[in-house]
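Q: Got a structure for you, written out below as structure tokens; questions coming shortly.
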Amino acid sequence: MPENRNGRAAHLRNLIAAHRPGWTLAQPFYTDLAIFALELDTIFTPAWLYAGHVSRIPNPGDYFLYEIARESLILLRGEDGQVHALANVCRHRGAQLCTASSGHVHHLVCPYHQWVYRLDGTLQSARLMPEDFDKSRFGLHRAHVRVVEGFILVCLADEPPSLEP
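Per the working numbering, the very first residue in the sequence shown carries number 886; after that it's consecutive.
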């Protein structure tokens, strides 16, 4: 598949135009990584997606992992009672924070250098860093999250679409 976005879009249009009704899609629709990336960027990333129900995380510190668009998110109930969607990767060296698919934590601790994050994703402590290190700049990345009638929705877009009808 072509490297640039316009070339990929043109290639995709050609594949769609060549599709014969009643036949399966051409092989690239199932195997081409560029088509997969395009689907993630245009379909999944800008949309609100169902991640789970609040009944899975009734108490502060309860969490479950949600995998979407090559991202691992920690969906957890914060000390404030709010649901947070946090990137499951330490800001220091990129280690995975949670490996169990669900559980309960008091803090999120990186297994590599033991950076400690609060349940809202803010960095609480960072071992071996200089005294002038600004912890406020190194909280976990977040996805947008909304709870609607108990359903947890997440969106990876920079600016999520409105949920209003």
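The beta-carbon is built from N, C-alpha and C at its ideal position, and this holds for glycine as well.
For clarity, every value in this text was computed on a predicted model and none was experimentally measured.
1) Quick one: Cα of Cys995 to Cα of Gly966, how far?
2) I need the DSSP call for Leu1025, collapsed to helix, strand or coil.
3) Checking the sheet assignment: what are the DSSP bridge partners for His991?
4) Provide the residue span of the alpha helix (DSSP H) that contains Glu924, from first to last.
5) Taking Gly937 and Leu960 to be in contact with their CB atoms under 8 Å, please state how far apart those CB atoms are, rounded to whole angstroms.
6) Is it a yes or a no for the stretch 962–982 touching the stretch 1021–1031, going by three-plus beta-carbon pairs under 8 Å?
7) Looking only at its own chain, which residues have a Cβ that is under 7 Å from the Cβ of His998, when we skip the five neighbours before and after it?
8) Which residues does DSSP list as the beta-bridge partners of Tyr997?
9) Exposed or buried, which one is Leu910 when buried takes at least 16 other CB atoms within 10 Å?
10) Pull up the CB-CB distance for Tyr948 and Ser987, whole angstroms please, since I reckon it's below 8 Å.
11) Can you tell me which of Ile953, Tyr915 and Pro913 puts its alpha carbon nearest to the alpha carbon of Ala932?
12) Which class does Leu1004 belong to by DSSP, given the choice of helix, strand or coil?
A: For this structure:
1) Taking the sequence shown and counting its residues from 1, one reaches residue 995 at position 110. Taking the sequence shown and counting its residues from 1, one reaches residue 966 at position 81. Answer to the nearest angstrom: the Cα atoms are 23 Å apart.
2) Counting from one through the sequence shown, the residue named residue 1025 turns up at place 140. DSSP places Leu1025 in coil when its eight states are reduced to three.
3) One-based indexing of the sequence shown puts residue 991 at position 106. According to DSSP, which records beta bridges pairwise, His991 is partnered with nothing at all.
4) As a first step, residue 924 must be located in the sequence shown, where it is residue number 39. Here the alpha helix (DSSP H) through Glu924 covers Leu918 to Glu924.
5) Here residue 937 refers to the residue found at position 52 of the sequence shown. Here residue 960 refers to the residue found at position 75 of the sequence shown. Going by Cβ atoms, the distance from Gly937 to Leu960 rounds to 6 Å, so yes, they are a contact pair.
6) yes
7) Numbered from its first residue, the sequence shown carries residue 998 at position 113. His977, Arg978, Arg1012 and Leu1013.
8) Here residue 997 refers to the residue found at position 112 when the sequence shown is read from its first residue. Tyr997 is not bridged to any residue.
9) For the purposes of this step, residue 910 is taken as the residue at position 25 of the sequence shown. When all chains shown are included, Leu910 counts as exposed.
10) Residue mapping note: residue 948 aligns to position 63 of the sequence shown, counting from 1. Residue mapping note: residue 987 aligns to position 102 of the sequence shown, counting from 1. Indeed, because the Cβ distance is near 6 Å, the residues count as touching under 8 Å.
11) Sequence index remark: in the sequence shown, residue 932 carries index 47 (1-based). Among Ile953, Tyr915 and Pro913, the Cα nearest to that of Ala932 is on Ile953.
12) Position 119 of the sequence shown, counting from 1, holds the residue named residue 1004. Of the three classes helix, strand and coil, the one that applies to Leu1004 here is coil, per DSSP.
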